[in-house]
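Counting in the numbering used here, the sequence shown tops out at residue 269, every number present. In what follows, a single structure is set out as structure tokens and then discussed.
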Amino acid sequence: MSSELINLEELGGHVSDGTSYHLPHYFHHLPDLPVVNIFGYDLQITKFMVIEVVVALLMIFLFVPLAIKIRTGKPLKGRFFNLLEVFLLYLRDEVIRPSIGKNAGKFVPFLWTMFFFILFCNLAGLIPWFGGSPTGSLSVTAVLALSTFLVVIGSGMKKYGIIGFWIGQVPKMDLPGPMGIILKPMLFVIEVIGLFIKHTVLAVRLLANMFAGHLVLAVFLAFIAGAAQILIIWIGVTFASVFMSVALSCLELFVAFLQAYIFTFLSALFIGMAQHQH
């Protein structure tokens, strides 16, 4: 099996962001995505940007009519709209409200949006020739985690005040004077560092799970080309690779929902922790 045909760096490029799509051979002449000039700065359009715009438009197309029907009090008709309602109600009643508690309602739209945006981006990565999922890019997951971080500290400071929120990071403990002077600043530093680490891990967890799954899938398919020199071996490897790719794709479908749920659940927990201090 030729090692030149199975190049992890090249395979990683197929599931990473780029300026073009890896389409079948007869479409390879398509030009790279354009560069757009915004306020005097050149912005390179990438394939993940295109997917994110498509996902955003899809969410508008799906949820604006749903919201209009709910506002007017009309009963939802159709299995698809009923399915969306099941997801929305489950997230609100079983994830967001238990995690945040009182005043959870004002965070529901944000967390709904996060869940479905991540979910649709994850599912987009399963479409052939899309070249990976936007949530397999650190630039995307970092912005998502940063959005949660801003909501966490913003809502916390709005409720307790700027100084009150940051002082409240230290658990309330009855400590003697000298011990409190030493331990409380140390605990404050640890808690603040932990606050940043939690949201950093939020981004890295989503990135690692989505990128790794797509890379493993690409490796399985690359085995077919790597075994092409010997017909008998190629036939056996092809059947095994196709079977493993189908099985892994089913697993990736589950992971797409799971990772969207975990990100939303942890975001709700972090917001709840900011709303209810030690």
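Ideal Cβ placement from N, Cα and C applies to all residues, glycine included.
Contact holds between the region 185 to 199 and the region 130 to 140, because three or more Cβ pairs, one in each stretch, are under 8 angstroms apart. For Ala213, the closest alpha carbon among the candidates Thr229, Phe202 and Leu242 is that of Thr229.
For the region 47 to 128, the full-length alpha helix (DSSP H) segments reaching 4 residues or more read 70 to 81, 88 to 91 and 99 to 115 along the chain.
In the DSSP assignment, Ile29 falls within the beta strand (DSSP E) that extends over Val26 to Ile29.
Checking the DSSP bridge columns, you'll see Leu34 partnered with Val27.
The C-alpha of Ile42 is placed about 12 angstroms away from the C-alpha of Val131. Around the beta carbon of Ile262, a 10 Å sphere encloses 16 or more other beta carbons of the protein chains shown; the residue is thus reported as buried. Judged by DSSP in its simplified three-state form, Met170 adopts helix.
Sequence-distant partners of Ser240 (beyond 5 residues in either direction) whose C-beta falls short of 8 angstroms from its own C-beta, in its chain, are Leu117 and Leu208. From the listed residues Arg83, Thr104, Phe106 and Met105, the smallest Cα separation to Gly96 is found for Arg83. The C-beta distance from Gln268 to Leu197 rounds to 27 angstroms, too long to fall under 8 angstroms, and the pair is not in contact. Check the Cα spacing between Cys112 and each of Ser90, Met164 and Met40: the tightest is with Met40. The beta carbon of Phe179 sits closer than 7 angstroms to those of Gln160 and Val161, all from its chain and outside the five residues before and after it, given in chain order.
In this structure, Phe106 places its C-beta atom within 7 angstroms of the C-beta atom of Thr255.
At the C-beta level, Ala259 and Ile144 stay beyond 7 angstroms of one another.
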